[in-house]
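Student: Would you mind keeping the following structure in view while I ask a few things?
Number of protein chains: 2
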Amino acid sequence: MMAVKDSLDVLQGRWKLPILLSLRYGNKRFMEISREVNGITDKVLSKELKELEMNQLITRTIHATFPPTVEYAITDHGNSLDNVISALRDWGLQHRKQIIGK
Amino acid sequence: MMAVKDSLDVLQGRWKLPILLSLRYGNKRFMEISREVNGITDKVLSKELKELEMNQLITRTIHATFPPTVEYAITDHGNSLDNVISALRDWGLQHRKQIIGK
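Heads up: the sequence lines are chains A and B, in that order.
Mapping of the first sequence onto this note's numbering: residues 1 to 102, in sequence order.
Mapping of the second sequence onto this note's numbering: residues 103 to 204, in sequence order.
Here it is as structure tokens:
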């Protein structure tokens, strides 16, 4: 049960998984993520990215260009959420049928 | 992604899954759940039970005893969260290793 709670704590909120999914097919800059994740404010995105980085689900790299550019990438550990995401997706579809189908 | 969000919305917070797990091995009365789910207040438990009932994950039955007794039970739909719970558990264990193991 402790492990289940750990997972939920890490994924808490409505934004973590959408952000991770947006990084799944390539590294992105802040504004690119902001555009892909519908409805998130920059302030919240910034906070969420910090938490994801702290949990080693993403990395933040500063490139020595001029001006410097910052790029976010998903880690192997972030990609290891695949099973969790598909279990949540399957159950979400089933739940929708259960609730709306009646 | 919508389906993933649906699932997370339904499971939101730290209490829903512990409550469901406590009902997994038998129907229970309010105070029995309250004792099993460490740290939850009666006010929050009451709110969480209502939300779980609304989402058809549990049922609430009033027995015509004197005084009336109320019993909570997990539904088939509630039990269908098994895959989600084990995916979260597996990932939680892995996450713990990743974060603490370094």
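Ideal placement from N, C-alpha and C gives every residue a C-beta, glycine not left out.
1. Could you tell me the distance, in whole angstroms, from the CA atom of D111 of chain B to the CA atom of V70 of chain A?
2. Starting from the C-beta of E138 of chain B, find all residues in its chain whose C-beta is less than 6 Å away, skip the five residues before and the five after it, and write them out in chain order.
3. If we ignore side chains and look at the alpha-carbon of each, how far apart do R116 of chain B and A64 of chain A end up?
4. Spatial neighbours of E48 of chain A within its chain, please: CB distance less than 8 Å, with the 5 preceding and 5 following residues excluded, ordered by chain position.
5. Closer than 8 Å by beta-carbon distance: list the chain A residues that pair up with I201 of chain B, in chain order.
6. Is there at least one Cβ from chain A nearer than 8 Å to M133 of chain B's Cβ?
7. Is it right to say K28 of chain A is buried, meaning 16 or more other beta carbons lie within 10 angstroms of its own, or is it exposed?
8. For the beta strand (DSSP E) that contains A73 of chain A, what are its first and last residues?
9. Can you tell me whether DSSP reads R60 of chain A as helix, strand or coil?
10. Taking A175 of chain B as the reference, give the member of B:R191, B:S148, B:S182, B:Y127 with the closest Cα.
11. Please report how far the alpha carbon of D184 of chain B lies from the alpha carbon of D108 of chain B, in whole angstroms.
12. If we call anything under 8 Å between Cβ atoms a contact, is G203 of chain B one with A3 of chain A?
13. For P170 of chain B, I'd like the list of residues in its chain whose CB is within less than 8 Å of its CB, leaving aside the five on either flank, ordered along the chain.
14. Answer yes or no: does any C-beta atom of chain B fall closer than 8 Å to that of H95 of chain A?
15. Going by the DSSP bridge assignment, what does K149 of chain B pair with across the sheet?
16. Given this structure, state the Cα-to-Cα distance separating V146 of chain B from L154 of chain B, to the nearest angstrom.
17. Against S182 of chain B, what residues of chain A qualify as contacts under a CB-to-CB distance less than 9 Å, listed in chain order?
18. For K107 of chain B, would you say it is in contact with chain D, using Cβ-to-Cβ distances shorter than 8 Å as the test?
Tutor: In brief:
1. 31 Å
2. S124
3. 42 Å
4. G13, W15, K16, I19, I40
5. N55, Q56
6. no
7. buried
8. 69-74
9. strand
10. B:Y127
11. 16 Å
12. no
13. I164
14. yes
15. K149 of chain B is not bridged to any residue.
16. 12 Å
17. W91, Q94, H95, Q98
18. The chain labelled as chain D is not found among the protein chains of the depicted structure, namely A and B.
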